[in-house]
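Enquirer: This structure is in structure tokens; I'll ask about it shortly.
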Amino acid sequence: MKKVIQFFAVTAISSLAFGQQSFTIDESWQYAIDHNVAVQKAKIDRTIADQKVKETIGIGLPQINGQAKYNYYLKIPVTLIDASQFPGSDAPAGTVTEFPMGLKHNANAGLTLTQLIFNGSYLVGLQSSKAYKETMALAEEKTQISIKEGILMSYTAVLVVDENIKTLEENRKVAEKALNDTRETYKLGLIEFQNVEQQEYSYKSLLANQQNLKRDREKLVMTLKYLMGYPLDQNISLSSSLDELIQKNEGLVDLNNQLDLNNHVDYRLKQNQLKLNELKLKLQKSYALPSLSGFANTAYNTGNNQFNIFDTNNRWFNSTILGLQLDIPIFSGLQRHWQTEQAKLDLKKSQLDLEDMEKSLKNNAYSASVDYDNAYNSYKNAQELIALSSSIYNKQQIKFKEGMGSSFDLQQAETQLYNSQAQYYQSALNLIQAKTKLDEALGKL
């Protein structure tokens, strides 16, 4: 029974591990959200920004500090006084007497409470920290979009190479059979040896292309695993098909009904930067406002000429104070004025940046739309070309077998077929990549 349980346990674990190695295009993206280094760092930056907000809020909360101090005077300070001024003194007028200012051993301890009541820069700083938090959230979103775009590109490239390898394998089998048939025909003396060489040339070219594609696939898979944050030394399989991605990205786009600038992360980043510079100007102006704070302090002190100040018999004297402090800026050597003027110029630059970003995004969306339309038309044309070249090649093969066509004509038809196949897969890749770029330009990725 124990062995049976172990068997099912191992089977379950193996199945789980296998499931973790297979990813659809959406699962690849979700995996990257949790494992890609750039995304993780962006999340950390967002958390830090959130903590900055809390840190800034803490400035306006009560601040309590404790202090304890011990002094030992190697030389007690001495002041000179007129002894005749003391009540009850019979010293002659003008008698100067030395008066020690304290005891050799002194100690004091106390608590101070301060509370900010009003400070304009604090209020603006609190708003700025929240705007900064929004910036970090947008930066995280932009990082995720960038990684998603890279994964879509890499994932699609792997699928295209896979389909290309399958097609080359089918072509290789056909070329191998044609080569064997040509050799047999040559043995019968019905054709020249040049025909055999031509078929052998085509066969070896297919093998070389196939091997090159397999190496390219490993490179693309490695890139995909890196973008996902997947262990580079572990195997991975892709469960989405090229047809699925083509169907998802096939179809013309009406740009007028798709573009919404407020959905685009780059536009929102510029809007947030404008908000930050508005707050920067507001902060400079707030420096001219008065600030008000309250404080309370209580302290105890004692002293002795012997090192027994902590003796329980020593007397400790308490002093307690409550107060308000009002700071009023009057003149700063025109520094605040020029800092305010600079903040106004920075705000103007942000307004120009926002206007420029709006134009840039509209231009990028239009360009991406044209590129997608071209890719779509090229893909449809490639579908037609591959059907035509296949038909031409099949007819040329029949002619060649019946002795009605030359090896040169067959080789031309074969090259045309292989080129149309390569063009089809490249157009499929271009279609998906162009749609990805269009979605990114429209802020929909």
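Numbering (this note's numbering), first residue to last: 839 to 1283. Note that CB positions come from ideal geometry on N, CA and C, so glycine has one too.
Is residue 917 helix, strand or coil when you go by DSSP?
Expert: strand
Enquirer: Do the stretch 1069-1084 and the stretch 1266-1281 touch if we need at least three Cβ pairs shorter than 8 Å?
Expert: yes
Enquirer: Does DSSP put residue 992 in a helix, in a strand, or in coil?
Expert: When DSSP states are grouped into helix, strand and coil, residue 992 belongs to the helix group.
Enquirer: Output needed for residue 903: all residues of its chain with C-beta closer than 7 Å, excluding positions within five of it in sequence on either side, in chain order.
Expert: Excluding five sequence positions before and after residue 903, the CB atoms of its chain that fall closer than 7 Å to its own CB belong to 950, given in chain order.
Enquirer: In the DSSP assignment, find the unbroken alpha helix (DSSP H) run with residue 1117 in it and report its ends.
Expert: For residue 1117, the uninterrupted alpha helix (DSSP H) run begins and ends at 1103-1124, by DSSP.
Enquirer: Kindly confirm or deny that the stretch 964-974 and the stretch 888-901 touch, where touching means at least three C-beta pairs closer than 8 Å.
Expert: Counting Cβ pairs under 8 Å, three or more are found: they touch.
Enquirer: Do residue 1178 and residue 1117 come within 8 Å of each other at the CB atom, strictly closer than that value?
Expert: no
Enquirer: Could you tell me the alpha carbon to alpha carbon distance between residue 1077 and residue 861, rounded to whole angstroms?
Expert: 6 Å
Enquirer: Could you give the residue range of the beta strand (DSSP E) that holds residue 1165?
Expert: According to the DSSP assignment, residue 1165 belongs to the beta strand (DSSP E) that extends over 1155-1165.
Enquirer: Pull up the DSSP beta-bridge partners for residue 1030, would you.
Expert: Residue 1030 is not bridged to any residue.
Enquirer: Nearest-angstrom Cα distance between residue 1102 and residue 1071?
Expert: 36 Å
Enquirer: Over the uninterrupted beta strand (DSSP E) stretch that includes residue 907, give me the two end residues.
Expert: 901-910
Enquirer: Spatial neighbours of residue 1166 within its chain, please: CB distance less than 8 Å, with the 5 preceding and 5 following residues excluded, ordered by chain position.
Expert: 1128
Enquirer: Excluding the 5 residues preceding and the 5 following residue 959 in the sequence, name in chain order all residues of the same chain whose CB lies nearer than 7 Å to its CB.
Expert: 1121, 1124, 1125
Enquirer: Among 1037, 941, 1063, 1079, which one has its Cα closest to the Cα of residue 1001?
Expert: Nearest option by C-alpha distance: 1079.
Enquirer: What are the start and end residues of each continuous beta strand (DSSP E) run of 3 or more residues lying completely inside the stretch 919-980, in chain order?
Expert: 934-938, 943-956
Enquirer: Using 8 Å as the threshold, is the C-beta distance between residue 881 and residue 978 below it?
Expert: yes
Enquirer: Under the DSSP definition of a beta bridge, which residues are partnered with residue 1178?
Expert: Residue 1178 is not bridged to any residue.
Enquirer: At which residues does the alpha helix (DSSP H) containing residue 866 begin and terminate?
Expert: 863-873
Enquirer: So which of 943, 1041, 1021, 1004 has the shortest CA-CA distance to residue 1253?
Expert: Nearest C-alpha to residue 1253: 1041.
Enquirer: From the DSSP output, in three-state form, read off residue 1146 for me.
Expert: coil
Enquirer: So, for residue 853: in the same chain, excluding its five sequence neighbours on each side, which residues have a beta-carbon less than 8 Å away from its beta-carbon?
Expert: Legend: pLDDT at residue 853 = 42, less than 50; position of this residue unreliable, value from coordinates given subsequently. Hits under 8 Å: none found.
Enquirer: Report all residues from its chain with a CB closer than 6 Å to the CB of residue 1111; omit the five preceding and five following residues, and keep chain order.
Expert: 1188
Enquirer: Just the C-alpha distance for residue 1024 and residue 1216, rounded to the nearest angstrom, thanks.
Expert: 42 Å
Enquirer: What span of residues does the alpha helix (DSSP H) with residue 1086 cover, start to end?
Expert: 1080-1087
Enquirer: Please report the residue range of the alpha helix (DSSP H) in which residue 1096 lies.
Expert: Neither: residue 1096 is in no alpha helix (DSSP H) and is coded neither H nor E.
Enquirer: Suppose you measure from the CA of residue 1136 to the CA of residue 1152; what does that come to, to the nearest Å?
Expert: 19 Å
Enquirer: Who does residue 1139 pair with in a DSSP beta bridge?
Expert: 946, 1155
Enquirer: Which same chain residues, not among the five before or five after residue 921, have their C-beta less than 8 Å away from its C-beta?
Expert: 927, 929, 933, 934, 935
Enquirer: Suppose you measure from the CA of residue 847 to the CA of residue 859; what does that come to, to the nearest Å?
Expert: Interpretation of residue 847 is limited by its pLDDT of 44, a score under 50 that renders its predicted location unreliable; no figure is taken from the coordinates.
Enquirer: Looking only at its own chain, which residues have a Cβ that is under 8 Å from the Cβ of residue 1051, when we skip the five neighbours before and after it?
Expert: 999, 1002, 1003, 1006
Enquirer: Based on DSSP bridge pairs, tell me the residues matched to residue 1076.
Expert: Bridge pairing for residue 1076: 861 [DSSP].
Enquirer: Please report the distance separating the alpha-carbon of residue 1259 from that of residue 1069.
Expert: 33 Å
Enquirer: Using three-state DSSP, classify residue 1279 as helix, strand or coil.
Expert: helix
Enquirer: Excluding the five sequence neighbours on either side, which residues of its own chain have a C-beta within less than 7 Å of the C-beta of residue 1249, listed in chain order?
Expert: Closer than 7 Å at the Cβ level, and outside the excluded window around residue 1249, lie 1036, 1040.
Enquirer: Taking all protein chains shown into account, do 16 or more other C-beta atoms lie within 10 angstroms of the C-beta of residue 1033, making it buried, or fewer, making it exposed?
Expert: buried
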